[in-house]
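See structure below.
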Amino acid sequence: MEYMALLIFFGVLMAVALLFVFINNLLGPKTPEAMEDYPYECGVPLYDRSAQATFHQGYYLLGLLLLLFDIEAAFLFPWTVVYRYLGVFGFIEMFLFIFILTYGLLYAWRKGALDWQFEEEYF
Amino acid sequence: MDSVLAWLIITVIKILVILGIVLGIGAYLTLVERKVAAHIQRRPGPMVVGWHGLLQPLADGLKLLTKEDLFPRYGNRFLYNLALVLALVPATLVFAVVPFGPEFETFGIKVKPILTDVNVGLLLVFAFGSMAVFAIALAGWASNSKYALIGSMRKAGIVVSYEVVITFAVMGPIILAGTLSTYEIVQKQIEQKLWYIWLQPIAFVVYMFAVLAEMGRVPFDIQEAEAELVTGFTVEYGGMKFGLFPLVEWYVEGLSLSAIAVVLFLGGWSPINIPFLGFIDPLFFLGPLSPFVWFALKVTLLFLFILWLHWTLPRYRIDQITSTAWKVMLPLTFVNLVLTAVIAPLIWR
Numbered sequence: 000m001e002y003m004a005l006l007i008f009f010g011v012l013m014a015v016a017l018l019f020v021f022i023n024n025l026l027g028p029k030t031p032e033a034m035e036d037y038p039y040e041c042g043v044p045l046y047d048r049s050a051q052a053t054f055h056q057g058y059y060l061l062g063l064l065l066l067l068f069d070i071e072a073a074f075l076f077p078w079t080v081v082y083r084y085l086g087v088f089g090f091i092e093m094f095l096f097i098f099i100l101t102y103g104l105l106y107a108w109r110k111g112a113l114d115w116q117f118e119e120e121y122f
Numbered sequence: 000m001d002s003v004l005a006w007l008i009i010t011v012i013k014i015l016v017i018l019g020i021v022l023g024i025g026a027y028l029t030l031v032e033r034k035v036a037a038h039i040q041r042r043p044g045p046m047v048v049g050w051h052g053l054l055q056p057l058a059d060g061l062k063l064l065t066k067e068d069l070f071p072r073y074g075n076r077f078l079y080n081l082a083l084v085l086a087l088v089p090a091t092l093v094f095a096v097v098p099f100g101p102e103f104e105t106f107g108i109k110v111k112p113i114l115t116d117v118n119v120g121l122l123l124v125f126a127f128g129s130m131a132v133f134a135i136a137l138a139g140w141a142s143n144s145k146y147a148l149i150g151s152m153r154k155a156g157i158v159v160s161y162e163v164v165i166t167f168a169v170m171g172p173i174i175l176a177g178t179l180s181t182y183e184i185v186q187k188q189i190e191q192k193l194w195y196i197w198l199q200p201i202a203f204v205v206y207m208f209a210v211l212a213e214m215g216r217v218p219f220d221i222q223e224a225e226a227e228l229v230t231g232f233t234v235e236y237g238g239m240k241f242g243l244f245p246l247v248e249w250y251v252e253g254l255s256l257s258a259i260a261v262v263l264f265l266g267g268w269s270p271i272n273i274p275f276l277g278f279i280d281p282l283f284f285l286g287p288l289s290p291f292v293w294f295a296l297k298v299t300l301l302f303l304f305i306l307w308l309h310w311t312l313p314r315y316r317i318d319q320i321t322s323t324a325w326k327v328m329l330p331l332t333f334v335n336l337v338l339t340a341v342i343a344p345l346i347w348r
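Note that the protein sequences, when read in sequence, are chains A and B. First residue of the first sequence: 0, per numbering that gives the first Met the number 0; consecutive thereafter. First residue of the second sequence: 0, per numbering that gives the first Met the number 0; consecutive thereafter.
Below, the structure written as structure tokens:
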């Protein structure tokens with residue numbers, strides 16, 4: 000029952016979002032011009048059509064780190080709720096878990112996964 | 000049957016109220032932001048449309064509605080539109096678990112001013128919050144423009160970094176309350192006579208940093224970077240499609256994250272708190288309306304604080320922002336988590 004309300008709200012929001020997607024097509028003027036849909040750049044013709052090329056590898060590393068740490072956060076969430084009933088055992092278990100987590104973070108740090116300007120700093 | 004009908008009517012009314020708050024107040028916050036920005040810089044701001052520019056958001060909306068529907072030539076139309084849906088829907092769904100006040104009774108029916116009081120409320124908040132990154136990444140990728148792609152990658156990197164930080168930061172209040180339901184968390188704070196900010200100052204500061212990052216506000220607005228990237232990942236969007244992104248990113252997310260901050264750290268709808276002693280309510284003359292006013296007041300103040308920062312601080316580089324998240328904020332939240340686990344038994348009693 001509680002989740003039904005969420006589902007109804009989701010449906011309403013999908014309708015609103017689709018309205019936002021199509022409303023300009025319905026209400027806006029249609030005056031096609033040759034270059035109006037040309038990708039926004041500096042005014043000169045594009046050097047290459049696709050922008051979906053390579054980019055800085057720092058972003059990939061951030062994505063990998065997110066996967067690791069977010070999954071571990073998901074493991075900690077249930078613990079936070081029932082911690083009251085676990086007593087000392089729960090505290091020690093959690094302490095070990097966070098210790099390992101911190102060790103992983105220090106490892107990534109040491110390996111330079113968090114430094115984007117490695118070359119400039121060391122050479 | 001009758002109770003189902005009553006439930007349905009109440010749910011629809013709640014949804015309409017939330018939509019009104021999100022889209023109506025969200026749109027009017029554009030005016031608030033421009034007025035605050037203007038007065039910080041000692042200029043009047045919008046003054047022409049309506050009394051002191053009060054009708055300006057309507058004029059802006061009308062203008063955005065009557066623009067031609069453009070689509071970048073080399074882009075991917077399906078993903079381009081999907082990004083819009085993914086931006087609006089999860090960000091607004093967060094409001095389903097924001098409690099606006101205590102339970103009250105009208106016409107013999109008990110009503111909780113929260114759409115669904117699910118027992119995993121906060122988990123839902125951060126699950127929906129994580130969806131924002133898909134909208135951003137898709138918007139930049141589907142536009143197939145260099146400015147848009149650079150902007151979206153920067154923003155995605157920032158959101159991804161602070162997503163981890165924010166989930167670890169909120170664990171402190173959850174330990175103290177022992178529940179994930181947003182309504183219950185506020186009730187626990189009232190029972191324990193304690194706003195959690197008094198015990199969780201580190202978590203609060205880290206949370207506010209993460210809010211700024213997720214909203215793309217100064218000092219973390221590198222994905223927008225007006226002078227170099229024009230507006231980042233929204234550059235190829237036009238008309239109402241363009242209008243939707245700032246609305247969601249700045250106002251809807253800003254309101255929802257401020258509301259969650261109020262719920263977690265500032266005692267939700269409770270009045271001013273003296274730790275462990277009780278509450279002082281200078282607004283007692285409002286009677287049963289007072290909790291709602293307190294909640295609105297706290298959210299407004301937090302939101303105005305964020306606006307104020309916008310005109311005070313400089314902008315950081317992308318690698319500085321992400322390395323702050325991983326090297327400073329994340330270890331701080333670990334320390335905070337362990338400290339909270341140590342002191343929590345004293346609070347439960």
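By construction, the Cβ of each residue, glycine as well, lies at the ideal position given by its N, Cα and C atoms.
Among residues of its own chain, excluding the 5 on either side of residue i, which ones have a beta-carbon nearer than 7 Å to its beta-carbon?
i	result
B/V251	V21, G25, A90 and T91
B/V124	V93, V96 and I259
B/G253	M214, F302 and I305
B/G139	A147, L148, G150, S151, M152 and F232
Just the C-alpha distance for residue i and residue j, rounded to the nearest angstrom, thanks.
i	j	result
B/W293	B/I201	24 Å
A/F122	A/T53	In this prediction, A/F122 has a pLDDT of 46, which is less than 50 and means its spatial position is unreliable; what the coordinates show is noted afterwards. Rounded to the nearest angstrom, the two C-alpha atoms are 24 Å apart.
B/M130	B/R72	27 Å
B/Y161	B/M214	11 Å
B/Y206	A/V20	33 Å
B/L283	B/F291	For the sequence presented, residue 283 of chain B should be read as Phe rather than Leu. One C-alpha to the other measures close to 12 Å.
B/L18	A/V11	9 Å
B/L61	A/A16	17 Å
B/L64	A/L18	11 Å
B/I317	A/I70	24 Å
A/L113	A/A107	7 Å
B/F264	B/W50	37 Å
B/Y146	B/P245	17 Å
B/L329	A/L105	11 Å
A/I97	B/D116	30 Å
A/F8	B/L7	12 Å
B/L312	B/Q319	15 Å
A/A4	A/L25	31 Å
B/F106	B/A5	11 Å
B/I346	B/I221	41 Å
Residue i and residue j look like a contact to me (Cβ under 8 Å); what is the Cβ gap, rounded to whole Å?
i	j	result
A/V81	B/I173	Not a contact, Cβ separation roughly 11 Å.
B/W194	B/Q188	6 Å
A/F74	B/V337	Not quite, the Cβ-Cβ distance comes to about 16 Å (not below 8 Å), so this is no contact.
A/Y39	B/V234	5 Å
B/T321	A/L61	6 Å
When DSSP labels each residue in this structure, what does residue i get in the three-state scheme?
i	result
B/I271	strand
B/G424	Examination of residue 424 of chain B is not possible in this model, given that chain B is present from 0 through 348 alone.
B/T277	First, the residue type needs correcting, since residue 277 of chain B is Gly and not Thr in the sequence shown. DSSP places B/G277 in strand when its eight states are reduced to three.
B/F103	strand
B/K192	coil
B/I221	coil
B/V110	strand
B/L123	helix
A/G86	helix
B/T339	helix
A/W115	coil
A/F122	With a pLDDT of only 46 at A/F122, under 50, the local geometry of the prediction cannot be trusted, and the value read off the model is given with reservation. Of the three classes helix, strand and coil, the one that applies to A/F122 here is coil, per DSSP.
B/Y161	helix
A/D36	coil
B/V21	helix
Leaving out five residues before and five after residue i in sequence, what residues of the same chain have Cβ atoms less than 6 Å from its Cβ?
i	result
B/L121	L179
B/K192	F275 and G277
B/A155	V132, I135 and A136
A/W115	G57
B/V210	L256
B/L114	K13 and A95
Leaving out five residues before and five after residue i in sequence, what residues of the same chain have Cβ atoms less than 8 Å from its Cβ?
i	result
B/T299	none
B/K109	E102 and F103
B/V204	none
B/L53	L30
B/L308	L211, R216, V217 and P218
B/P287	F103
B/S269	V185, Q188, I189, W194, F278, P290 and W293
B/L331	I201 and V205
How about residue i: is its Cβ closer than 6 Å to a heavy atom in the ligand ATP?
i	result
B/L61	As presented, the structure is devoid of all ligands, the ligand ATP included, so that no description of it is given.
Cβ-based contacts, 7 Å cut-off: residues of the stretch 66-87 of chain B near chain A
Going along the stretch 66-87 of chain B in chain order, one finds K66, E67, D68, L69, F70, P71, R72, Y73, N80, L83, V84 and L87 with a Cβ nearer than 7 Å to chain A.
Determine which residues of the stretch 152-176 of chain B have a Cβ less than 8 Å from any Cβ of chain A, and write them out in chain order.
M152, A155, G156, V159, S160, E162, V163, T166, F167, M170, I173 and I174
Short of 9 Å Cβ to Cβ, which residues in the stretch 234-254 of chain B face chain A?
V234, E235, G237, G238, M239, K240, G242 and L243
What are the residues of the stretch 41-67 of chain A that lie near chain B, defined by any Cβ-Cβ distance shorter than 8 Å?
R48, S49, A50, Q51, F54, H55, G57, Y58, L61, G62, L64 and L65
Chain A contacts from the stretch 324-338 of chain B (Cβ-Cβ distance under 8 Å)
Closer than 8 Å at the C-beta level to chain A, one finds these residues of the stretch 324-338 of chain B: W325, K326, L329, P330, F333, L336 and V337.
Closer than 7 Å between beta carbons: that is the criterion. Which residues of the stretch 69-94 of chain A meet it against chain B?
D69, A72, L75, F76, T79, V80, Y82, R83, F90, M93 and F94
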